[in-house]
Amino acid sequence: EKPDLYPDPDKFNDRVITLKCDGTCVIVDYHNKQINLRTRGTLSYLSQNNFVDFEVLLQNQDFVDYVIKNDRFSYILELETPNNVIVINPGEIRFWLLDIINKDDYSSVGYDELCEVSRKVGIPTPPVYQFNSISDIVTNVKVWKGKEGVVVWYNNFRNRVKIKARRYRDWE
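Here it is as structure tokens:
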């Protein structure tokens, strides 16, 4: 939408291109001896109509233990659920681990560490795609059906650009 606001992703060799999940952002951290789940703009997941879907995440004891043990970080996930369909119905409740943010300096841990944590806690990261350039991504993704699009992460995971399928944009 405003390409001048971001460094050109084609000038970076550290691009990671992942599926853009069609769901609700979930932010998880541990503060004051309590696990906190929320979405953007809310203090708690309990204000959501589908709050029970969020609680599925709390049943993952490996994840809960990891968050408590590593309380310097906020964990960014995407919740896809048939109980709150944005555009594409996922058919089941599922979570994707998208990023981990250091609360001290607001930096991302980066893709390699994200994947390592994903394996430890049993929450997948979104599928990864390979494209040669942004124009190659746009050409391919714009004709996708049944998927939202992709996120291009780059610049040490500090920047991201979302590229959506034409059909998805028409549904919004």
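First residue of the sequence shown? That's 19 in our numbering, and the numbers climb one at a time after it. Virtual Cβ for every residue (Gly too), placed ideally from N, Cα, C.
Neighbourhood of residue i by C-beta, 6 Å cutoff - its chain only, sequence neighbours within 5 removed
i           : result
residue 37  : 144 and 145
residue 89  : 48
residue 184 : 160
residue 54  : 47
residue 169 : 36, 38, 178 and 180
residue 127 : 118
Outcome for residue i when other beta-carbon atoms lying within 10 angstroms are tallied against a minimum of 16
i           : result
residue 157 : exposed
residue 69  : exposed
residue 123 : exposed
residue 109 : exposed
residue 93  : buried
residue 34  : buried
residue 187 : exposed
residue 172 : buried
residue 58  : exposed
residue 191 : Nothing can be reported for residue 191: it is not among the residues displayed for the chain, which extend from 19 to 190.
residue 24  : exposed
residue 60  : exposed
residue 131 : exposed
residue 95  : buried
residue 176 : exposed
residue 15  : Any property of residue 15 remains undetermined from this structure, which presents the chain solely from 19 to 190.
CB-CB length for residue i against residue j, believed under 8 Å
i           : j           : result
residue 78  : residue 141 : 7 Å
residue 111 : residue 82  : Not a contact, Cβ separation roughly 17 Å.
residue 152 : residue 22  : Not a contact, Cβ separation roughly 14 Å.
residue 106 : residue 167 : At roughly 11 Å, the Cβ-Cβ gap does not stay under 8 Å, so residue 106 and residue 167 are not in contact.
residue 120 : residue 91  : 6 Å
Other residues of its chain near residue i: CB distance less than 8 Å, five sequence neighbours each side excluded
i           : result
residue 150 : none
residue 86  : 48 and 53
residue 102 : 41, 42, 66, 67, 68 and 71
residue 84  : 135, 138 and 139
Per DSSP, the bridge partner or partners of residue i
i          : result
residue 43 : 96
residue 54 : 47
residue 37 : 168
heavy atom of the ligand HEM below 7 Å from residue i C-beta
i          : result
residue 96 : Within the structure as shown, the ligand HEM is missing, as the structure has no ligands at all.
Contact set for residue i: own chain, Cβ-Cβ below 7 Å, skip 5 residues either direction
i          : result
residue 30 : 172 and 173
residue 97 : 41, 42, 44, 71, 72 and 113
inquiry  = For a minimum of 3 consecutive residues, which ranges assigned as the beta strand (DSSP E) are wholly contained in the region 57-109?
reply    = Qualifying beta strand (DSSP E) stretches, in chain order: 91-98.
Suppose only complete runs of 3+ residues qualify. What are the beta strand (DSSP E) ranges in the region 99-186, listed by chain order?
Correct list: 112-120, 167-172 and 177-182.
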